[in-house]
């Protein structure tokens, strides 16, 4: 659950330009990647392909198979910042027609290709709320109409059912609460990287604040007040927040990240990992019951990463096809629908959706190269269809 996207769950916000607290500027930021830059991808040198485990950001290039200058290289494991770039799958079952707001906007007619519905916007869809409003990088899509972002936002990544939106203004992390535009600010004056990764129905934000070259720290933000979340002695990353105020993400011990949940009082609860528990893990999403989802490596040093769910008590269970598969859960609805990607043995990467206790369902490969970012409580899902000429905002039914 991401405010309603995982972006995500996910949900990466471009590095803001000047850091601000309220209306006061406290620093400067490096140039922001140009709007319209291709969604990050990775592969061998010269290749362009989706990669859910890339720790990269827009403007990144691949040099000799590794992220080049301007990338976030976190040693082969992901933080909540990188998770915002995850390819995420969403399922849309029994989708009702969306009721559009009166007046304004540009009417578009969705084009269907199998189970994938093209929303008519040439950029990725990052989030969808329970009212059916889809959020793309620079637009809202509702009832077949493409509308501008509210409140002066220039980019966006998260929307909740109240229509509140987290995004950026000229590169600065910002939040539109429905009547007022807030600049999110940073945990410290030298923190020039601020990423918002979760938004609740209460208007609470979570994310990560860091200085260039410094150790990121997770935060929660409400009504202009930013609070740092405790860790395990190292860096911390927040991924998502539910309507009870529980936050999930990761806390690091040395070079290993451990999936965690912060309770409403700020207390940190470590979530179990698969196998012997020595491998890195990350919780990417949390529902209103405190259940979480994400990924866990089977052991330290292993490249075997599995999509997982955690119960409200912290017990871990693998998600995916029988026999196991590499993969990640990137978002989770309050009704228990997990979405993400898996790569079953002998097969390529596939987007999937799974209801709690139900079978795994895949996006039809005939629909094209699909990655998805978020799922709402109706089971409606949004993301990207990648083509030779760019990205398209889509729903997956």
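Numbering (the numbering used here), first residue to last: 577 to 973. We put the CB at the ideal spot given by N, CA and C, even for glycine. These figures come from a predicted structure and were not determined experimentally.
- In terms of Cα proximity to residue 714, the closest of 761, 733, 720 is 733.
- DSSP, read as helix, strand or coil, puts residue 883 in strand.
- Leaving aside the five residues that flank residue 745 on each side, the residues in its chain whose CB is nearer than 8 Å to its CB run, in chain order, 728, 729, 730, 757, 759.
- For residue 956, there is no enclosing beta strand (DSSP E), as DSSP gives it neither H nor E.
- Rounded to the nearest angstrom, the gap between the Cα atoms of residue 726 and residue 965 is 28 Å.
- Here residue 703 is buried: its Cβ has 16 or more other Cβ atoms, across all protein chains shown, within 10 Å.
- If you draw a straight line from the Cα of residue 947 to the Cα of residue 790, it is about 31 Å long.
- The DSSP-derived three-state label of residue 943 is helix.
- In this structure, residue 864 lies near residue 820, with their beta-carbon atoms less than 8 Å apart.
- Ranked by Cα distance from residue 912, the first of 792, 936, 748 is 936.
- When the alpha-carbon of residue 921 is set against those of 698, 806, 896, 808, the nearest one is in 896.
- Boundaries of the beta strand (DSSP E) harbouring residue 724: 721 to 724, taken from the DSSP string.
- For residue 744, the three-state secondary structure derived from DSSP is strand.
- When the alpha-carbon of residue 831 is set against those of 825, 824, 855, the nearest one is in 855.
- Under a 10 Å Cβ-count criterion, residue 829 is classified as exposed, with fewer than 16 other Cβ atoms of the shown protein chains found around its own Cβ.
- At the C-beta level, residue 698 and residue 967 come within 8 Å of one another.
- Annotated three-state conformation of residue 858 is strand, per DSSP.
- Look at residue 718 here: in three-state DSSP terms it is strand.
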